[in-house]
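> Okay, here's the structure, questions in a sec.
Numbering (my numbering), first residue to last: 75 to 425.
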């Protein structure tokens, strides 16, 4: 049962058309529709529930949620999308009811550097602090977005204006956004760890990690992204950038789980202790062996014919495409039993 609600009315040329665009977009991102007519729609998403009622050139919107934090998220979701799609006649979006007017991004928070430690010549662990971390302690959404400062500038924290669009700041000051995986999280202490791979000519993330000092403050949004489904047999593939995700996925496996983890590293110094079930085969592969050898090793791994299976990979873009093609061909894994993602790409300023 929803305890909180707030309403808003938006003027537009065609309220029903705007509502249909909004509903279609939200459904495409996982929302489910419970009511649909020529002028009224009600749908539910992860954040809460939204209702649209179209009256000629006025769209009445109601947001429902269980608590103030979720209500703010629903308001932000609706405000930002109305601002995105109602571009011909932008109007202020004012809310009446529970909660406050939306000016800050609900899923944006400041995080502070608490500790910095080198685990190897190329991997640096940074411990951050921020309150209310319970929502990040999940395997359903592994990734967060870090808002990092541009070189030689202070970090600008974006906000939501009254027209429902995000103000990111001037081009020279707007934050650089990079995706990372929380490696370890301790909600009871309000702290978590992120591992950064240090590159000689790295991008914003690597540059931040190299220069990070205790007390530094950056931004974080999330959580988000896909995950792997713990199964009886598991195949996990990745390089140093995916090692935090692989570590968390392995630690969540049942003790009787079986499978293989193939992890590409630059040198043996980058190896880490993994809390893996005894039947998991952990293979550390030197990057010097080459991509072709790595692909051959992955293709030589046969999944069992019986029991549940899942294959997950997080790699460089070109390798990701080869792995995905291999897994999708020949019926090796069903679409529901695999997830391959690109963590970075050669020649691009990623971290």
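Don't be surprised by glycine CBs; every beta carbon is placed ideally from N, CA and C.
Can you give me the C-alpha to C-alpha distance between residue 424 and residue 109, rounded to a whole angstrom?
Only weak support exists for where residue 424 lies, its pLDDT of 45 falling under 50; the value from the coordinates is given anyway. For residue 424 and residue 109, the distance between alpha carbons rounds to 43 Å.
> Return the bridge partner residues of residue 257 from the DSSP annotation.
According to DSSP, residue 257 bridges with nothing at all.
> Within 10 angstroms of its Cβ, does residue 401 collect 16 or more other Cβ (buried), or is it exposed?
Buried, since its Cβ has 16 or more Cβ neighbours within 10 Å.
> Thinking C-beta only, is residue 302 closer than 8 Å to residue 386?
In this structure, residue 302 lies closer than 8 Å to residue 386 by Cβ.
> My output table needs one value for residue 82: the three-state DSSP class, helix, strand or coil.
Of the three classes helix, strand and coil, the one that applies to residue 82 here is strand, per DSSP.
> How big is the Cα-Cα spacing for residue 251 and residue 232?
Using only the alpha carbons, I get a separation of about 12 Å.
> Tell me whether residue 202 sits in a helix, a strand or coil according to DSSP, three-state version.
Strand.
> In this structure, does DSSP put residue 231 in helix, strand or coil?
Correct three-state label for residue 231: coil.
> Residue ranges of each beta strand (DSSP E) run of no fewer than 3 residues wholly in the region 275–322, ordered along the chain?
Taking only runs of at least 3 residues, the beta strand (DSSP E) segments lying wholly in the region 275–322 are 291–298, 307–312.
> Return the first residue and the last residue of the alpha helix (DSSP H) that residue 412 is part of.
Counting along the chain, residue 412 falls outside any alpha helix (DSSP H), though it belongs to the beta strand (DSSP E) covering 412–418.
> Strictly by DSSP, which residues pair up with residue 171?
Note: residue 171 sits in a beta bridge opposite 80.
> Suppose the cutoff is 8 Å on Cβ atoms and the five residues either side in sequence are ignored; what does the same chain contact list for residue 375 look like?
Excluding positions up to five away in sequence, the list reads 309, 334, 336.
> Would you mind sorting residue 362 into buried or exposed? The rule is 16 or more other CB atoms within 10 Å of its CB.
Per the 10 Å Cβ criterion, exposed.
> Suppose the cutoff is 6 Å on Cβ atoms and the five residues either side in sequence are ignored; what does the same chain contact list for residue 300 look like?
Result list for residue 300: 413, in chain order.
> Assuming the contact rule is C-beta atoms closer than 8 Å, residue 259 and residue 207 should be a hit. Round their C-beta distance to whole Å, please.
That belief holds up - the Cβ atoms of residue 259 and residue 207 are roughly 6 Å apart, short of 8 Å.
> List the whole-angstrom C-beta distance separating residue 92 from residue 152, where the pair is believed to meet the contact cut-off of C-beta under 8 Å.
Contact doesn't hold; Cβ gap of about 12 Å is too wide.
> Do residue 297 and residue 398 have their C-beta atoms within less than 8 Å of each other?
No, Cβ-Cβ distance for residue 297 and residue 398 is not below 8 Å.
> If you draw a straight line from the alpha carbon of residue 368 to that of residue 332, how long is it in whole angstroms?
Approximately 21 Å, taken between the alpha carbons.
> With a Cβ-Cβ cutoff of 8 Å, do residue 415 and residue 394 count as a contact?
A contact, by the Cβ cut-off of 8 Å.
> What is the DSSP secondary structure of residue 362, counted as helix, strand or coil?
Note: residue 362 maps to helix in three-state DSSP.
> Say whether the region 189–208 touches the region 261–269, bearing in mind that this needs 3 or more beta-carbon pairs closer than 8 Å, one atom from each stretch.
Counting Cβ pairs under 8 Å, three or more are found: they touch.
> If you count every other CB in all the chains shown that lies within 10 Å of the CB of residue 285, and 16 or more means buried, which is it?
Exposed is the call here.
> Would a check of beta-carbon distances place residue 212 closer than 8 Å to chain C?
Included in the structure is just one protein chain, with no chain C present.
> Nearest to residue 193 by alpha carbon, out of 147, 242, 234, 257?
For residue 193, the nearest C-alpha among the options comes from 257.
> Should residue 226 go down as buried or exposed, given a rule of 16 or more other Cβ atoms within 10 Å for buried?
Residue 226 should be labelled exposed.
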